[in-house]
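Undergrad: Its first residue numbered 9, the sequence shown is counted upward by one per residue in the working numbering. Heads up, the beta-carbon is just placed ideally off N, CA and C, and yes, glycines get one too.
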Amino acid sequence: MLFYLFLPQILFADEEIAIVLFVTGKVQYSQAGKIETLKKNVILTKNAKVETGEGKADLQLGANAVIRIAPFTKIEIAELFSDNSKNTAKLTLVSGKLFTNVQKSNKKEELEISSASYTAGVRGTQFVISEEKTKAPKNEDSDIPEGVFVNEGEVTVHPSSGNDLNLQAGEQASWNGKELLAEPLKEFMKEK
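This is the structure in structure tokens:
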């Protein structure tokens, strides 16, 4: 019995899953080397990759986070786990756009989304992150520029080019080709 008191807490961490809540249009995923069409109720785990064509998908990450994968977006689930004190999800945004909604809970929620240009760390919030490697075909979210856009809560952005930005509700960090610039959230982004 005394043995359990000295075990590191990480030993009690549980792998979490992502559950597909909604899919429309062309969306594929790969898991364990197999590429398939993504459908509602599919369970995704660490290292799964999702790619949308002319479609989009909503994923539940752990207990309190939902992401919408916009058309022409590629992501990878880098990490999903939970322990007694926190839920952790780490995603890699290869290209495209993600909309997130993280609900506050009695556990600490850690959602981190990394792209080639920056990493956004989230604390109970709604925000959009966009990274375009190549120009996607015109779609309903084509008007969203590269950057991080915060509707609710707080997001810390770690640009690869330098100083961290702490964005509050109603702020955005837009990529100007060289660096992220913090500014008030544009009106059209409040509707996204």
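With a 10 Å radius around its C-beta and 16 neighbouring C-beta atoms as the bar for buried, classify T127 as buried or exposed.
TA: Here residue 127 is taken as the residue at index 119 of the sequence shown, counted from 1. Buried.
Undergrad: Short of 8 Å in beta carbon distance, which residues of its chain neighbour G170, apart from the five on each side in sequence? Order them along the chain.
TA: As a working mapping, residue 170 is identified with position 162 in the sequence shown. Excluding positions up to five away in sequence, the list reads E187.
Undergrad: Going by C-alpha to C-alpha distance, which of N49, L189, V110 sits closest to E162?
TA: The residue you call residue 162 lines up with position 154 of the sequence shown. Measuring from the Cα of E162, the nearest candidate turns out to be V110.
Undergrad: Do W201 and S125 have their CB atoms nearer than 8 Å?
TA: The chain is shown only over 9 to 200; residue 201 falls outside these bounds and no answer can be derived.
Undergrad: Looking at the strands, I want to know which residues DSSP matches up with F30.
TA: Position 22 of the sequence shown, counted from the first residue, corresponds to residue 30. Bridge partners of F30: D66.
Undergrad: From G73 to G185, what distance separates their C-alpha atoms?
TA: By one-based count along the sequence shown, residue 73 stands at place 65. By one-based count along the sequence shown, residue 185 stands at place 177. What sits at residue 73 in the sequence shown is Ala, not Gly. Roughly 30 Å separates the two Cα atoms.
Undergrad: Which partner residues of G129 appear in the DSSP bridge assignment?
TA: On the sequence shown, position 121 is the one that residue 129 refers to. In DSSP, G129 forms a bridge with E120, T164.
Undergrad: How many Å lie between G178 and K112 at the Cα?
TA: Counting from one through the sequence shown, the residue named residue 178 turns up at place 170. Counting from one through the sequence shown, the residue named residue 112 turns up at place 104. Using only the alpha carbons, I get a separation of about 18 Å.
Undergrad: Alpha carbon to alpha carbon, how far is L52 from D172? Give it in angstroms, no decimals.
TA: On the sequence shown, position 164 is the one that residue 172 refers to. On the sequence shown, position 44 is the one that residue 52 refers to. D172 and L52: Cα-Cα distance of roughly 31 Å.
Undergrad: So who's on the other strand from T60, going by DSSP bridges?
TA: Residue mapping note: residue 60 aligns to position 52 of the sequence shown, counting from 1. Answer is V35.
Undergrad: Any idea if S93 is buried or exposed, counting beta-carbon neighbours within 10 angstroms, 16 or more meaning buried?
TA: One-based indexing of the sequence shown puts residue 93 at position 85. Its Cβ having fewer than 16 others within 10 Å, S93 is exposed.
Undergrad: Measuring CB to CB, does T32 end up less than 8 Å from G70?
TA: Along the sequence shown, read from residue 1 onward, the residue named residue 32 stands at position 24. Along the sequence shown, read from residue 1 onward, the residue named residue 70 stands at position 62. Not closer than 8 Å, so no.
Undergrad: Can you list, in chain order, the residues of its chain with a C-beta nearer than 6 Å to that of N121? Leave out the 5 residues immediately preceding and following it.
TA: As a first step, residue 121 is located in the sequence shown; it is residue number 113 there, counting from the start. Checking the sequence, you will find Ile at residue 121 rather than Asn. Result list for I121: L99, L101, A128, I137, in chain order.
Undergrad: Return helix, strand or coil for K198, following the three-state DSSP convention.
TA: Position 190 of the sequence shown, counting from 1, holds the residue named residue 198. Three-state DSSP puts K198 in a helix.
Undergrad: Evaluate S134 with the Cβ neighbour count: other Cβ atoms within 10 Å of its Cβ, from every protein chain shown; 16 or more gives buried, anything less gives exposed.
TA: Stepping through the sequence shown from its first residue, residue 134 is reached at position 126. Sequence inspection shows Gln at residue 134; the Ser mentioned does not correspond to that position. Counting Cβ neighbours within 10 Å, Q134 comes out buried, since at least 16 surround it.
Undergrad: Taking only three categories from DSSP, how would you classify M9?
TA: The residue given as residue 9 occupies position 1 in the sequence shown. Confidence at M9 is low in this model, with a pLDDT of 43, below 50, so the placement of that residue is unreliable and no value is reported for it.
Undergrad: Would you report the Cα separation of K198 and K105, rounded to the nearest angstrom?
TA: Translated into positions along the sequence shown, residue 198 becomes position 190. Translated into positions along the sequence shown, residue 105 becomes position 97. Taking the straight line from one Cα to the other gives about 15 Å.
Undergrad: Report, in whole angstroms, the separation of the C-beta atoms of F89 and D22, which I expect to be a contact under 8 Å.
TA: The residue given as residue 89 occupies position 81 in the sequence shown. The residue given as residue 22 occupies position 14 in the sequence shown. Their Cβ separation, rounded to whole angstroms, is 6 Å, which keeps F89 and D22 in contact under 8 Å.
Undergrad: Under three-state DSSP, which class holds L19?
TA: Numbered from its first residue, the sequence shown carries residue 19 at position 11. Unreliable placement is indicated for L19, whose pLDDT of 45 sits below 50; the coordinate value is still reported in the next sentence. Helix.
Undergrad: Give the DSSP-derived three-state secondary structure of K94 in the structure shown.
TA: As a first step, residue 94 must be located in the sequence shown, where it is residue number 86. Note: K94 maps to strand in three-state DSSP.
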